[in-house]
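One structure is given below, encoded as structure tokens.
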Amino acid sequence: METLPNRPLTDQDIIKYATKFKIDHFRGVFSRKGSHWVAFYKNKDKVVYFDSFGNLTPPIELQKYLKGNKIKYNYTNYQNKNTFNCGHLCLNFLQCKNHLTGNTTTLSVHYFPPIDVYDDSEIALLNLQTYNTFPNINETNNHFEIHLVNPDRLLNNNKFPTCFITLKKGCYDIKDIKNQILAQINNFNNDLEYLEIEKITFDIGIDQVDFRTTIFSNGTICFNVENSIAPLLGFEKKNYEHYIDGHRSQKVSNLNIVNSIKVMCNIAQGSFNNHMSSHSIYEFSPSENIGSKLIQTPSNLIYYKLNKTNIESLTIQLVDQDHNPINNLVHYIRQHQLVVKPNKMPESDILDISSQYETDSKITKIEFHSYTPYTTSFKNNDEIRISIQQTDVYPYLHESFIYLEGKIVEAGKVLLSNNGFSYLFDQIRLEINGIEVDSTRVLGITSSLKGYLSGTPVDYYCYENAGWTFKNNTKSTNNAGEFSACIPLKYWLGLFEDLKKILVNSRLELILTRSHSDLNALNVKSEGSATTGAVTLNKIVWKVPHITVDDEERLKLLKLVEKEKSLFIPFRSFETFEYPELGTTTKAVWNLKTASKLEKPRFIIVGLQKDRKNQISKDCSVFDKCDLTNVKITVFPLKIFMLGSVPVAKFNARMCTELTYLVVKTTPQFYVCTNADVNYCADGSLCLLYGTDAPGLFGCGCERKI
1 METLPNRPLT DQDIIKYATK FKIDHFRGVF SRKGSHWVAF YKNKDKVVYF
51 DSFGNLTPPI ELQKYLKGNK IKYNYTNYQN KNTFNCGHLC LNFLQCKNHL
101 TGNTTTLSVH YFPPIDVYDD SEIALLNLQT YNTFPNINET NNHFEIHLVN
151 PDRLLNNNKF PTCFITLKKG CYDIKDIKNQ ILAQINNFNN DLEYLEIEKI
201 TFDIGIDQVD FRTTIFSNGT ICFNVENSIA PLLGFEKKNY EHYIDGHRSQ
251 KVSNLNIVNS IKVMCNIAQG SFNNHMSSHS IYEFSPSENI GSKLIQTPSN
301 LIYYKLNKTN IESLTIQLVD QDHNPINNLV HYIRQHQLVV KPNKMPESDI
351 LDISSQYETD SKITKIEFHS YTPYTTSFKN NDEIRISIQQ TDVYPYLHES
401 FIYLEGKIVE AGKVLLSNNG FSYLFDQIRL EINGIEVDST RVLGITSSLK
451 GYLSGTPVDY YCYENAGWTF KNNTKSTNNA GEFSACIPLK YWLGLFEDLK
501 KILVNSRLEL ILTRSHSDLN ALNVKSEGSA TTGAVTLNKI VWKVPHITVD
551 DEERLKLLKL VEKEKSLFIP FRSFETFEYP ELGTTTKAVW NLKTASKLEK
601 PRFIIVGLQK DRKNQISKDC SVFDKCDLTN VKITVFPLKI FMLGSVPVAK
651 FNARMCTELT YLVVKTTPQF YVCTNADVNY CADGSLCLLY GTDAPGLFGC
701 GCERKI
């Protein structure tokens, strides 16, 4: 990254760096002996004039050049009389690239005139320089004592010799701590009052394997004092008597109290911390040694939206992992920010009489078309094909749905189970131009697993129309057993969920395979009232929205088809595996499949059922809370999710509360929750609507490793 030299800039320097920084519409420089650099930008008859000393009229030559235009002055002083950085300030004013320098971790700059930016302007960190001198010892953790406890060492006042160790506030590594302690012990040993007694010995170090602190001393180490240093070194606050092999700390040392540094900016928005909005624009962990210089230059800039369009001031602050301001002992810190600003001053739209007319009529009409199968037989094991042969239409598959009409045989004895319409089909496939691109098998189980955890209360009525029954005892049929349902295909196929664009020049065919039995879709109304059941489907219709565009957009799409350019369609597919017999052992290992990196799973959901398949007396959409004590999911070579061994009762209780809400959909991927996120997750999952009857499911998002 190009930086300005640390010296006064000449006219040639100004021109050189204005070119390198790509300052738009740069015209040149005025120069006269004994003066300093000023800057201005002009838009029509309006001029904004910047002088680093502030409140000074422009030079006569510049006033003549501007020919009486309306000039807006700045009144803030940015430069001292004994400095020579006016050229640097002028370039920053023109390019809106801000170099903030100061002796604290909170830096501010005020702008004149205020910077006007567009609504979509963004900000990013270019460079940060500071020192790893964050104090880890202060008045609250800088003290301990060493006692020489031995009857032979009693002083005249009947007290044992005591060396009081107090460290000054600062940033210490273990060697610094050792040197400071030994210096104070040496002063104690040389004190005339203690010349005739045994000298105190002391040594301290950190094991480079487990990072625990080891202390050797011939006296008693008293950490049980006020403002003890014990927690910093990993020790408990108690007394440690002399031991020839020394004492090892119970925990690792905590010398690096700042393990994460966040760069906060008052005008940035869009970042989040623990589900709360934050002004953070960058975060890193200090890995350099204590006292070393920290330099952060992001290889890939991360841009954040601005929370205002009129920027009068910019404040940058460094905070730690707990969002507490960081106190840096070294009086030098430098940060480099970039703000994207418009190339010209914003103008009122009512004055822009030369602008072109724009109209948003690309889409002229959206209407649903109905497509029916070739056959009218919808019995068990039948294959139902519905095709769209027209290639000159623009179908929008994301909002398409299946419309069903039918009747339950012996409706007085049986009823549809939750998500029962999905259990009427065993498989669904989609072919584009004769090639199968996506499919879902075991359709009832698959849609139930995903629906429980990815559906939200916002989708309540859509799920209800698709045959989902909730705690309010919604029914999918009337008293005669007749039903009609609308099932969005994005609940069944990943391509329909992820593809939110139209298709062009494509022949489509949707293939549905009826299940071999309707028992999984039904449930008896009362115990023993029925042993069998069936569902008769009278109508199946594929409703697809067609998009009609204006002539200009149609011409663009036709040219795209003529070029025979391949279109990239990314989507996630649902893949379901069944383990029919777990056996009677207390431990089961299930190896699913071997796949390439391109087929890396994005989320995994596990559910268990006890003797529910093809049993009309049991609801096949229910997943049982089995007596599990340990669950582990592994995507080699990394462990993705594990719940440690806990008592069965507590484990099942957790399934009802937090594990049920473990996976919550946040477009475009699932989100893995921690215990602290339960309240947030509970608001987002359909499982909330089932209360204590919520299914026992285990979910894992593979994007974020735990």
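The sequence shown lines up with residues 1 to 706 when you count with UniProt numbering. Glycine included, every Cβ here is placed at the ideal spot set by N, Cα and C. From a predicted model like this one, the values you see are computed outputs, not experimental measurements.
Asp51 versus Cys90, Asp624, Thr19, Asn224, residue with shortest Cα-Cα distance | Residue 51 sits at position 51 when you count from the first residue of the sequence shown. Minimum Cα distance to Asp51 is reached at Cys90.
Ser228 to Ser253, Cα distance in whole Å?
-> Within the sequence shown, numbered from 1, the residue matching residue 228 stands at position 228. Within the sequence shown, numbered from 1, the residue matching residue 253 stands at position 253. Taking the Cα positions, Ser228 is about 14 Å away from Ser253.
Looking only at DSSP bridge pairs, what is Tyr240 linked to?
-> As a working mapping, residue 240 is identified with position 240 in the sequence shown. Ile221.
Indicate the three-state DSSP secondary structure (helix, strand or coil) for Ile295 in the structure shown.
-> Locating residue 295 in the sequence shown gives position 295, where the first residue counts as 1. It is a strand residue.
Could you give the residue range of the alpha helix (DSSP H) that holds Glu552?
-> By one-based count along the sequence shown, residue 552 stands at place 552. According to the DSSP assignment, Glu552 belongs to the alpha helix (DSSP H) that extends over 551 to 562.
Quick one: residues in its chain with C-beta nearer than 8 Å to the C-beta of Val549, no 5 flanking neighbours on either side, listed in chain order?
-> Counting from 1 along the sequence shown, the entry for residue 549 is found at position 549. Around Val549: Lys362, Ile363, Thr364, Tyr394, Leu557.
Endpoints, beta strand (DSSP E) assigned at Cys462 | Taking the first residue of the sequence shown as 1, we reach residue 462 at position 462. That residue, Cys462, is in no beta strand (DSSP E); its alpha helix (DSSP H) goes 460 to 465.
Can we say the stretch 426 to 435 touches the stretch 488 to 500, given the rule of at least three CB pairs closer than 8 Å?
-> They touch, by the three-pair rule.
Identify whether Ser448 lies in helix, strand or coil by the three-state DSSP scheme.
-> For the purposes of this step, residue 448 is taken as residue 448 along the sequence shown, with counting starting at 1. When DSSP states are grouped into helix, strand and coil, Ser448 belongs to the helix group.
Kindly indicate which residue of Glu482, Ser280, Ser417, Asn85 has the alpha-carbon position closest to the one of Leu306.
-> As a working mapping, residue 306 is identified with position 306 in the sequence shown. Per the Cα distances, Ser280.
Can Thr213 and Ile206 be called in contact, C-beta distance under 7 Å?
-> Residue 213 sits at position 213 when you count from the first residue of the sequence shown. Residue 206 sits at position 206 when you count from the first residue of the sequence shown. In this structure, Thr213 sits near Ile206, with a CB-CB distance shorter than 7 Å.
In its own chain, which residues sit with a C-beta less than 6 Å from the C-beta of Lys293, not counting the 5 before and 5 after it?
-> Residue mapping note: residue 293 aligns to position 293 of the sequence shown, counting from 1. These residues qualify, in order along the chain: Tyr131.
At a cut of 8 Å, does the stretch 509 to 522 reach the stretch 605 to 616 through at least three beta carbon pairs?
-> Enough Cβ pairs lie closer than 8 Å, so yes.
Roughly how many angstroms separate the alpha carbons of Asp426 and Arg441, rounded to a whole number?
-> Taking the first residue of the sequence shown as 1, we reach residue 426 at position 426. Taking the first residue of the sequence shown as 1, we reach residue 441 at position 441. Roughly 6 Å separates the two Cα atoms.
Which class does Glu198 belong to by DSSP, given the choice of helix, strand or coil?
-> In the sequence shown, residue 198 corresponds to position 198, counting from 1. Coil.
Sort out for me which residues DSSP pairs Asp515 with in a bridge.
-> The sequence position of residue 515 within the sequence shown is 515, counting from 1. In the sequence on display, residue 515 carries Ser and not Asp. Paired residue(s): none; Ser515 is not in a bridge.
Could you give the DSSP three-state label for His546: helix, strand or coil?
-> Here residue 546 corresponds to residue number 546 of the sequence shown, with the count starting at 1. The answer is strand: DSSP assigns His546 an E or B state.
Below 8 Å, can you find three or more Cβ-Cβ pairs linking the stretch 176 to 185 to the stretch 113 to 128?
-> They do not touch, by the three-pair rule.
Any 3 or more C-beta pairs closer than 8 Å across the stretch 442 to 460 and the stretch 366 to 378 | As far as the Cβ criterion goes, the stretch 442 to 460 does not touch the stretch 366 to 378, which means the pair count is below three.
Would you tell me roughly how many angstroms separate the C-alpha atoms of His88 and Leu9, rounded to the nearest one?
-> If you number the sequence shown from 1, residue 88 lands on position 88. If you number the sequence shown from 1, residue 9 lands on position 9. Answer to the nearest angstrom: the Cα atoms are 7 Å apart.
Among Cys462, Gly451, Pro488, which has the Cα closest to the Cα of Tyr396?
-> Locating residue 396 in the sequence shown gives position 396, counting from the first residue. Considering only alpha carbons, the answer is Pro488.
Residue(s) in a DSSP beta bridge with Pro325 = If you number the sequence shown from 1, residue 325 lands on position 325. For Pro325, the pairing in a beta bridge is given by DSSP as Val319.
Taking just the CA atoms, how far does Tyr303 sit from Leu128?
-> In the sequence shown, the residue the question calls residue 128 occupies position 128. In the sequence shown, the residue the question calls residue 303 occupies position 303. Roughly 15 Å separates the two Cα atoms.
What are the boundary residues of the beta strand (DSSP E) that Lys251 is part of?
-> Along the sequence shown, read from residue 1 onward, the residue named residue 251 stands at position 251. Run containing Lys251: 247 to 252, per the beta strand (DSSP E) assignment.
Under 7 Å between the Cβ atoms of Gly170 and Ile204?
-> Counting from one through the sequence shown, the residue named residue 170 turns up at place 170. Counting from one through the sequence shown, the residue named residue 204 turns up at place 204. Here Gly170 is not near Ile204, since their CB atoms are 7 Å or more apart.
Can you name the start and end residues of the alpha helix (DSSP H) that Ala480 belongs to?
-> If you number the sequence shown from 1, residue 480 lands on position 480. Counting along the chain, Ala480 falls outside any alpha helix (DSSP H), and DSSP gives it neither H nor E.
Please name the residue in Phe623, Ala230, Thr456, Asp120 whose C-alpha comes closest to that of Ala268.
-> Within the sequence shown, the letter at position 268 stands for residue 268. Closest option to Ala268, Cα to Cα, is Asp120.
Cβ neighbour criterion (16 or more within 10 Å) applied to Ser299 = Taking the first residue of the sequence shown as 1, we reach residue 299 at position 299. It counts as exposed.
Where does Asn538 sit, in a helix, a strand or coil, going by DSSP?
-> Indexing the sequence shown from 1 puts residue 538 at position 538. DSSP places Asn538 within a strand segment (E or B) once states are collapsed to three.
Smallest Cα separation from Lys632: which of Lys525, Trp590, Ser621, Lys600?
-> As a first step, residue 632 is located in the sequence shown; it is residue number 632 there, counting from the start. Selection Lys525, Trp590, Ser621, Lys600 evaluated against Lys632 yields Trp590 as nearest (Cα-Cα).
Where does Ser361 sit, in a helix, a strand or coil, going by DSSP?
-> Position 361 of the sequence shown, counting from 1, holds the residue named residue 361. Correct three-state label for Ser361: coil.
Which residues DSSP lists as bridging Gly494, in chain order = Here residue 494 refers to the residue found at position 494 of the sequence shown. Gly494 has no beta-bridge partner at all, per DSSP.
Roughly how far, in whole angstroms, is the beta-carbon of Arg385 from the beta-carbon of Tyr374, given that I think they are within contact range, below 8 Å?
-> Mapped onto the sequence shown, residue 385 falls at position 385. Mapped onto the sequence shown, residue 374 falls at position 374. Tyr374 and Arg385 do touch by the CB rule: their CB atoms are close to 6 Å apart, below 8 Å.
Start and end residues, beta strand (DSSP E) containing Ser400 = Numbered from its first residue, the sequence shown carries residue 400 at position 400. In the DSSP annotation of this structure, Ser400 is not part of any beta strand (DSSP E), being labelled neither H nor E.
Have a look at Pro5 and Lys237 and give me their C-alpha separation to the nearest angstrom.
-> For the purposes of this step, residue 5 is identified with residue 5 of the sequence shown, where counting begins at 1. For the purposes of this step, residue 237 is identified with residue 237 of the sequence shown, where counting begins at 1. Each residue's alpha carbon lies about 53 Å from the other.
Which whole-angstrom value describes the C-beta separation of Glu283 and Ile261, a residue pair presumed to lie in contact below a C-beta threshold of 8 Å?
-> Position 283 of the sequence shown, counted from the start, is the residue given in the question as residue 283. Position 261 of the sequence shown, counted from the start, is the residue given in the question as residue 261. Contact flag correct, Cβ pair sits at about 7 Å.
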